[in-house]
Amino acid sequence: MGVFGSDSQEQHTEVQGVSETLLEGRGVTKRFGGLTAVSSVDFTVQKGEILGVIGPNGAGKTTLLNCITGLDPANEGEILFHGERIETMKPHTITRKGVARTFQIVQPFSGLAVRENVVMGALFGSQKSKKEVRRAQGIADEMLAFVGLSDKAAQLASQLTLAERKRLEFAKSLATEPEVLLLDEVNAGLNTMEIENAISLIHKVREQGVTILVIEHLMKVITGLSDRVIVLHHGEKIAEGLPRDVTSDEQVIKAYLGEKYVAMMKKLDEES
Amino acid sequence: MFRPWSHIQWFGMGAGVLALILLPSFVENDEIRKWMDILMVAILAVSWNFIGGLTGYPSFAPAAFFGLGAYTTAILMNAGFNFFITLGIGACLGAIVALILGVPILRLRGHYFAIATFGVAEFFRELADNLRITGGGDGINLPQITGGPDYFTRFFYFSMLGVAVLAVLTQYFVTRHRLGYGLVAIRENEDAASMTGVDTTKYKIIAFVLSSIFPAMGGGVYAYRAAFLEPIDVFDVLFSIKAIVMSMLGGVGTVMGPLVGALMMEYLSDYLWGAFTEFHSAFLGIIIVLVVLFLPRGLMAVSQEVRSRGWGSLGVILKSNIQRFKV
């Protein structure tokens with residue numbers, strides 16, 4: 015049995031070539047007072063894919079994630095996981111159903127050892143929870159080896175570097191045995207080397223049969239990573255499709271670089 | 004975090020309990036009474052640890068549950084109930100009250116939670132002050148225990164010891180199982196805990212209920228022993244404060260910490276009372292400040308660090324503790 019025994023089992027039952035919708039949002043809307051942070055967004059996440067969500071700062075990416083995970087429930091719309099509506103469920107219930115996430119600003123249990131952080135995920139995260147502490151510790155050790163933190167297991171989480179803390183977030187969420195993993199800007203604040211490591215880790219996770227929704231504001235990173243991309247701007251979905259189509263979309267370029275830049279490029283095009 | 008006790012540690016605990024059981028055979032009634040007081044505050048400190056130490060919610064409610072248990076025993080014994088049955092009923096009542104109150108007040112965090120729990124104790128004091136069934140401000144008498152001083156001193160001592168052992172064992176098993184891990188996760192980061200799958204609302208309420216049961220039983224024993232209760236005696240905020248200070252002195256969030264803290268604090272308080280009768284409160288206050296400054300995580304944490312780094316590092320450890328306050 016691999017690291018994610020339960021998930022690889024389920025993969026066998028999947029009919030090859032037929033994609034199955036794992037997570038779906040219909041008209042998801044979230045308002046904060048007068049501000050509409052997420053405005054009637056539809057999305058689907060197919061089993062086994064990596065879906066990228068991009069958009070400039072303040073586009074509503076993290077808010078959308080908070081709606082999905084129940085941390086900040088949506089005002090309107092439906093969110094379905096395996097066809098079951100989850101938008102009114104509490105965060106811990108959603109986690110146990112198989113939706114895990116990492117935070118952009120990492121949220122470790124700072125006063126606890128690295129290993130204990132991951133034990134928490136194994137103890138509480140899965141529906142078939144590992145109620146025994148000792149079994150959870152076993153899973154935690156596997157996860158730490160998977161993300162390459164085994165040698166730091168006994169250190170306090172607060173003593174890790176930022177890159178290591180991001181990997182700890184990975185291990186903690188993976189220990190909940192998720193079917194879909196939501197990653198919130200795992201690369202923010204990392205250097206080029208660390209970003210490469212993080213990306214290869216994401217691929218490694220997907221190879222284990224975990225579906226991934228990844229938020230990113232670096233275009234370059236997301237195009238290399240995702241199978242499909244949706245673009246948010248001012249809380250609205252402005253584009254959806256293959257990475258290379260989306261990145262050449264005029265609206266997307268406008269959202270990222272401003273109207274002036276687009277006008278300038280057009281002028282340059284005409285001149286040549 | 005919490006390792007199961009080794010055989011040696013279990014043996015040590017067993018020896019400690021045995022020593023406490025044999026204690027009355029070797030010392031005067033006066034000394035037994037002092038140990039009974041230590042056990043009583045140890046019960047409060049260990050119980051506070053469930054909600055305050057493990058879960059990180061600074062509760063000032065121990066006095067409320069202590070008084071509730073005391074009055075339950077008083078009223079029921081006057082109605083002819085057996086003493087031990089009243090302890091059980093008091094514990095249940097404490098748990099029910101904690102359950103009902105926990106739902107609204109455990110939504111609050113930090114200072115707001117502290118103030119709300121403080122209000123709970125005040126509310127019960129006012130209630131006892133004004134109800135007829137509690138005797139109001141005049142207080143309430145309990146049936147006198149029969150038998151000589153040798154007998155009843157031991158009777159109350161062993162009752163208190165029984166409740167204390169129950170509280171410590173409960174704490175041990177909670178901290179070594181899933182429940183304890185969930186409580187610590189809430190203390191460390193409540194949002195992250197719920198994202199990790201911890202049902203935070205349920206767990207906080209369980210912790211609050213656990214923290215109410217043993218003070219209520221201790222209050223029952225106290226009431227029968229005192230034979231007379233006044234609201235101000237048992238709904239005294241000092242019970243809550245003692246519980247908190249002792250847990251902090253010993254080490255918040257550990258099983259042994261509150262026990263060690265209770266023992267040290269009572270002995271210290273007793274010694275200071277004898278040596279500086281006039282100023283003993285002031286000295287206690289100074290000690291509390293020093294503890295907060297130098298031993299924020301308690302004696303247990305420091306002793307652990309000293310064990311792993313040697314006595315030479317004691318100065319460094321204390322220094323690093325104060326440095327937390329530099330901005």
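Heads up: the sequence lines are chains A and B, in that order.
Residue numbers 15 to 286, in this note's numbering, belong to the letters of the first sequence in order.
Residue numbers 4 to 330, in this note's numbering, belong to the letters of the second sequence in order.
Ideal Cβ positions, reconstructed from N, Cα and C, are used throughout, including at glycine.
Taking Cβ positions only, does residue i come closer than 9 angstroms to chain B?
i: V133(A); result: yes
i: P105(A); result: yes
i: P70(A); result: no
i: E284(A); result: no
i: L182(A); result: no
i: T225(A); result: no
i: K186(A); result: yes
i: D21(A); result: Note on D21(A): pLDDT 45, under 50, position unreliable in the model; the coordinate value appears next. Chain B contact via Cβ: absent.
i: V147(A); result: yes
i: T102(A); result: no
i: G152(A); result: no
i: E130(A); result: yes
Kindly indicate which three-state DSSP category residue i falls into: helix, strand or coil?
i: R228(B); result: helix
i: G150(B); result: coil
i: V67(A); result: strand
i: F263(A); result: Per the sequence shown, the amino acid found at residue 263(A) is Asp instead of Phe. Of the three classes helix, strand and coil, the one that applies to D263(A) here is coil, per DSSP.
i: D33(B); result: helix
i: A167(A); result: coil
i: M16(B); result: helix
i: E130(A); result: helix
i: L256(A); result: coil
i: V237(B); result: helix
i: I119(A); result: coil
i: T175(A); result: coil
i: K268(A); result: helix
i: T76(B); result: helix
i: G16(A); result: Residue placement at G16(A) is poorly supported in this model, since its pLDDT is 45, which falls under 50; the coordinates still yield a value, given next. The answer is coil: DSSP assigns G16(A) none of H, G, I, E or B.
i: E191(A); result: coil
i: A294(A); result: In this structure chain A extends from 15 to 286, so residue 294(A) is not present and cannot be described.
Please confirm whether residue i has its beta-carbon closer than 9 angstroms to some beta-carbon of chain A.
i: H114(B); result: no
i: A188(B); result: yes
i: V319(B); result: no
i: S28(B); result: no
i: S323(B); result: no
i: T156(B); result: no
i: E191(B); result: yes
i: H283(B); result: no
i: Y184(B); result: yes
i: V258(B); result: no
i: R179(B); result: yes
i: V201(B); result: yes
Starting from residue i, follow the beta strand (DSSP E) in both directions and report where the run begins and ends.
i: F95(A); result: 90-95
i: D56(A); result: 49-60
i: L246(A); result: 242-247
i: I213(A); result: Taken as a continuous stretch (DSSP letters only), I213(A) belongs to no beta strand (DSSP E), being part of the alpha helix (DSSP H) at 206-221.
i: R40(A); result: 35-46
i: I100(A); result: Looking at the DSSP string, I100(A) is not in any beta strand (DSSP E), and its letter there is neither H nor E.
i: I290(B); result: Unbroken run through I290(B) is the alpha helix (DSSP H), 283-297; no beta strand (DSSP E).
i: R148(A); result: Looking at the DSSP string, R148(A) is not in any beta strand (DSSP E); the run it does join, the alpha helix (DSSP H), is 147-161.
Could you spell out the range, first to last residue, of the alpha helix (DSSP H) harbouring residue i?
i: D198(A); result: From DSSP, D198(A) is part of no alpha helix (DSSP H) but of the beta strand (DSSP E) over 194-198.
i: G260(B); result: 259-278
i: T77(A); result: 75-83
i: V276(A); result: 273-285
i: V228(A); result: Premise fails: V228(A) lies in the beta strand (DSSP E), 225-230, not in any alpha helix (DSSP H).
i: K234(A); result: 233-239
i: V100(B); result: 86-108
i: I108(A); result: 105-111
i: V305(B); result: 301-312
If we cut at 9 angstroms on Cβ distances, does residue i have a partner in chain E?
i: Q173(A); result: Although the question refers to chain E, the structure presented lacks it and instead comprises the protein chains A and B.
Segment contact flag, the region 92-101 of chain B with the region 210-228 of chain B, C-beta cutoff 8 angstroms, min 3 pairs: yes
Segment contact, 8 angstroms Cβ cut-off, at least three pairs: the region 223-236 of chain B with the region 202-209 of chain B: no
Cβ contact (3+ pairs, closer than 8 angstroms) linking the region 253-263 of chain B and the region 297-311 of chain B: yes
Whole alpha helix (DSSP H) elements within the region 189-220 of chain B, 4-residue minimum: 193-198
Touch test, the region 49-58 of chain A against the region 70-81 of chain A, Cβ-Cβ under 8 angstroms, three pairs minimum: yes
Alpha helix (DSSP H) segments (min. 4 residues) lying fully within the region 112-185 of chain B: 113-133, 152-178
The region 150-162 of chain A in contact with the region 161-178 of chain B per 3-pair CB rule at 8 angstroms: no
Given 8 angstroms, three or more beta-carbon pairs between the region 71-82 of chain B and the region 274-292 of chain B: no
Cβ pair count under 8 angstroms reaching 3, the region 184-203 of chain B against the region 32-52 of chain B: no
Three-pair Cβ contact test at 8 angstroms for the region 243-258 of chain A versus the region 190-199 of chain A: no
Stretch-stretch touch, CB-based, cutoff 8 angstroms, three pairs: the region 120-131 of chain A with the region 164-178 of chain A: yes
Three-pair Cβ contact test at 8 angstroms for the region 124-131 of chain B versus the region 64-71 of chain B: yes
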